[in-house]
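By the working numbering, the letter at position 247 of the sequence shown is numbered 251, and the numbering carries on one by one without gaps.
Cβ coordinates follow ideal geometry from the N, Cα and C atoms, glycine included.
Just so we're clear, the structure is a prediction, and the values are computed from it rather than from any experiment.
What follows is a set of notes on a single structure, which appears directly below.
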Amino acid sequence: MRPSLEILATDGAARLGRLTLTHGVVETPAFMPVGTYGTVKSMTPEELDGLGAHIILGNTFHLMLRPGPDIVDAHGGLHGFMHWPRPILTDSGGFQVFSLRSLRKITEEGVQFRSPIDGSAVRLTPEDSMNVQLKLRSDIAMALDDCTPYPATEAEARASMERSMRWAERSYAHYYGPGLEALAGMERARPPFREPADDAWRTEPPGGLFGIVQGGMHTNLRLASLETLLKLDFPGLAVGGLAVGETEEERLRVLETVVPQMPKERPRYLMGVGKPEDIVQAVVRGIDMFDCVIPTRHARNGHLFTSAGVVNIRNSAHQADTGPLDPACACYTCRNYSRAYLRHLDRCNEILGSRLNTIHNLHFYLDLMRSLRAAIAEGRLAAFARDYLKQRQGSQDAVA
Ligand SMILES: [Zn+2]
Numbered sequence: 005m006r007p008s009l010e011i012l013a014t015d016g017a018a019r020l021g022r023l024t025l026t027h028g029v030v031e032t033p034a035f036m037p038v039g040t041y042g043t044v045k046s047m048t049p050e051e052l053d054g055l056g057a058h059i060i061l062g063n064t065f066h067l068m069l070r071p072g073p074d075i076v077d078a079h080g081g082l083h084g085f086m087h088w089p090r091p092i093l094t095d096s097g098g099f100q101v102f103s104l105r106s107l108r109k110i111t112e113e114g115v116q117f118r119s120p121i122d123g124s125a126v127r128l129t130p131e132d133s134m135n136v137q138l139k140l141r142s143d144i145a146m147a148l149d150d151c152t153p154y155p156a157t158e159a160e161a162r163a164s165m166e167r168s169m170r171w172a173e174r175s176y177a178h179y180y181g182p183g184l185e186a187l188a189g190m191e192r193a194r195p196p197f198r199e200p201a202d203d204a205w206r207t208e209p210p211g212g213l214f215g216i217v218q219g220g221m222h223t224n225l226r227l228a229s230l231e232t233l234l235k236l237d238f239p240g241l242a243v244g245g246l247a248v249g250e251t252e253e254e255r256l257r258v259l260e261t262v263v264p265q266m267p268k269e270r271p272r273y274l275m276g277v278g279k280p281e282d283i284v285q286a287v288v289r290g291i292d293m294f295d296c297v298i299p300t301r302h303a304r305n306g307h308l309f310t311s312a313g314v315v316n317i318r319n320s321a322h323q324a325d326t327g328p329l330d331p332a333c334a335c336y337t338c339r340n341y342s343r344a345y346l347r348h349l350d351r352c353n354e355i356l357g358s359r360l361n362t363i364h365n366l367h368f369y370l371d372l373m374r375s376l377r378a379a380i381a382e383g384r385l386a387a388f389a390r391d392y393l394k395q396r397q398g399s400q401d402a403v404a
């Protein structure tokens, strides 16, 4: 099913929407918890659902290496494999490959790299990435892009962006061409649960492919990149190459340049961003979708987001604190456990500590998205954002 966005309300540049995907509806602006290896670390799908996650992100790179796309495919795709019936977005694998640095070689054809698991030689071209994502049967697949380093000169950023655009064209041609045709010809096991009632899933695209705007911090290149992508009929557009070490000012300048030029009816996804205040800033500028490892990774490291700022649960100040992590939070963790208990679990490396911390941090992020959606619906986003950013700024000093 082609992803389609219905815009229910706008408030300034921000939009409240319903994004309809093969496996269900996503209310936007939306945050996607990251499920790197086909699991959002320590969470069951039922727990994610209970927290209000409408869509999660899967990492093509990791799933391609382990367990490999064919094993996932044998389960009817990633939904069946991980028992998550709702929408999934997969990345292209490019970002992880580029992070390997010394282990990879980029050519026009694609990227060659050594598997960090067993050292074997692996190739990732735009066509390879599409084939893997089609086998994962993600609701939204991403084009393979060349990740521009930061900082980059204009010439470096241009060369990288232009390669990304050539790869975007190849990704598009393959996804909607031979990739889907190969998928249609394969006999597949019926996924264990929720699929469209008819047999359309056998032949129709499992989802749609998003294009990614690149160009580093150079706004002229960003606009040129968007112009190229708009020549193809991508059902959604992403802004990539941010959250790479740039300043907030640089990031907002890129968004303010590119987002107003994006067609209104297409969903807009800001990749890899970020902290709660970054999400608020981007929603105000018209972004609909986000993913970031921060809430889940921070949770496992004992860094917990609260209404009064970030709490480091490892701090000895919490040793005998019988109060909840955040009295203002309605999550399962805050309703039932003390700071002293969370600190104790962390110190003893108990699995439950990771789980309770993750439940809380994901609740914090997903609750922020609910608040943003309510603020847009009620036409009070500017005031909400102003108060939120002021509070976050003020609470940075109160980090315990
Ligand atoms: Zn909580």
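Examine ligand 1 and report whether any of its heavy atoms sits within less than 7 Å of the Cβ of residue i.
i	result
His178	no
Cys335	yes
Asp330	yes
His364	yes
Cys352	no
His407	Because the chain in this structure spans residues 5 to 404, residue 407 falls outside the shown range and cannot be described.
His79	no
His367	yes
Cys338	yes
Note the first and the last residue of the continuous alpha helix (DSSP H) segment covering residue i.
i	result
Asn135	130-140
Glu407	Lying before the first or after the last residue shown, residue 407 is absent from the chain, which here runs from 5 to 404.
Leu370	355-381
Met165	158-178
Glu231	223-234
Thinking C-alpha only, which one of the options is nearest residue i?
i	options	result
Met36	Gly398, Leu370, Trp88, Ser46	Leu370
Ser375	Ala34, Ala312, Gly114	Ala34
Arg2	Ala312, Val115, Gln100	Summary: the structure shown does not reach residue 2, with the chain confined to residues 5 through 404, and so no result is reported for it.
Cys335	Leu360, Gly327, Gly306	Leu360
Phe117	Ala312, Gly84, Glu173, Phe65	Phe65
Ala332	Pro153, Leu234, Leu372	Leu372
Cys296	Pro280, Ile144, Val288, Leu69	Pro280
Tyr392	Arg270, Gly327, Gly313, Leu227	Gly313
Glu12	Thr43, Met5, Gly21	Inspection of the sequence shows that residue 12 is occupied by Leu rather than by Glu. Among Thr43, Met5, Gly21, the Cα nearest to that of Leu12 is on Gly21.
Ala159	Leu55, Gly220, Thr326	Gly220
Ser432	Glu354, Met86, Gly62	Residue 432 cannot be examined here, being either before or after the span of the chain that is shown, 5 to 404.
Gly278	His302, Thr157, Ile110	His302
Leu234	Pro209, Glu173, Ile283, Val287	Glu173
Gly81	Leu241, Ala387, Pro209	Pro209
Gly398	Thr310, Arg170, Val44, Arg318	Thr310
Glu50	Glu354, Ala177, Ile363	Ile363
Ser342	Asn353, Glu354, Pro328	Pro328
Ile291	Met5, Asp15, Arg6	Asp15
Asn319	Ala344, Met146, Ser142	Ala344
Gly212	Leu148, Glu113, Met165, Tyr176	Tyr176
Ala387	Asn316, Glu231, Met5, Val288	Val288
Thr24	Pro271, Ser164, Leu225	Pro271
Ala389	Ala286, Phe85, Glu231	Ala286
Gly54	Glu112, Ser119, Leu366	Leu366
How would you write the range of the beta strand (DSSP E) that residue i sits in, first residue to last?
i	result
Gly84	Element bounds for Gly84: not the beta strand (DSSP E) but the alpha helix (DSSP H), 82-86.
Lys109	108-110
Thr94	92-94
Ala386	Not the beta strand (DSSP E): Ala386 falls in the alpha helix (DSSP H), residues 385-399.
Arg105	No beta strand (DSSP E) contains Arg105, which DSSP labels as neither H nor E.
Glu31	28-32
Ile216	212-217
Asp122	That residue, Asp122, is in no beta strand (DSSP E); it is neither H nor E in DSSP.
Leu148	Segment: none, Leu148 is in no beta strand (DSSP E) and carries neither H nor E.
Gly21	18-25
Glu10	8-15
Would you say residue i faces chain B, with C-beta separation under 8 Å as the test?
i	result
Lys45	Absent from the structure: chain B. Only one protein chain is present.
Legend entry - Segment contact flag, the region 23-30 with the region 77-96, C-beta cutoff 8 Å, min 3 pairs: yes
Legend entry - Uninterrupted beta strand (DSSP E) stretches inside the region 236-267 (no shorter than 3 residues): 240-243
Legend entry - Meets three-Cβ-pair contact criterion under 8 Å: the region 70-84 and the region 128-145: Taking 8 Å as the limit for Cβ pairs, the verdict is that the region 128-145 does touch the region 70-84.
Inset, instruction - Determine, using beta-carbon pairs with one atom in the region 213-225 and one in the region 243-257, whether at least three such pairs fall under 8 Å. - result: yes
Inset, instruction - Let me know the alpha helix (DSSP H) ranges lying completely inside the region 35-85, each 4 residues or longer, listed in chain order. - result: 49-55, 64-69, 73-77
Inset, instruction - Go through the region 266-348 residue by residue and report every complete run of the beta strand (DSSP E) that reaches 3 residues or more, in order. - result: Secondary structure remark: continuous beta strand (DSSP E) runs of at least 3 residues inside the region 266-348, in chain order: 272-274, 293-295, 307-310, 313-316.
Legend entry - Contact the region 180-189 vs the region 251-268: 3+ CB pairs below 8 Å: no
Inset, instruction - Could you tell me whether the region 122-129 touches the region 75-87, using the rule of 3 or more Cβ pairs below 8 Å? - result: no
Legend entry - Meets three-Cβ-pair contact criterion under 8 Å: the region 373-392 and the region 342-349: no
Inset, instruction - Flag this pair as touching only if the region 258-272 and the region 315-332 have three or more C-beta atom pairs under 8 Å; answer yes or no. - result: no
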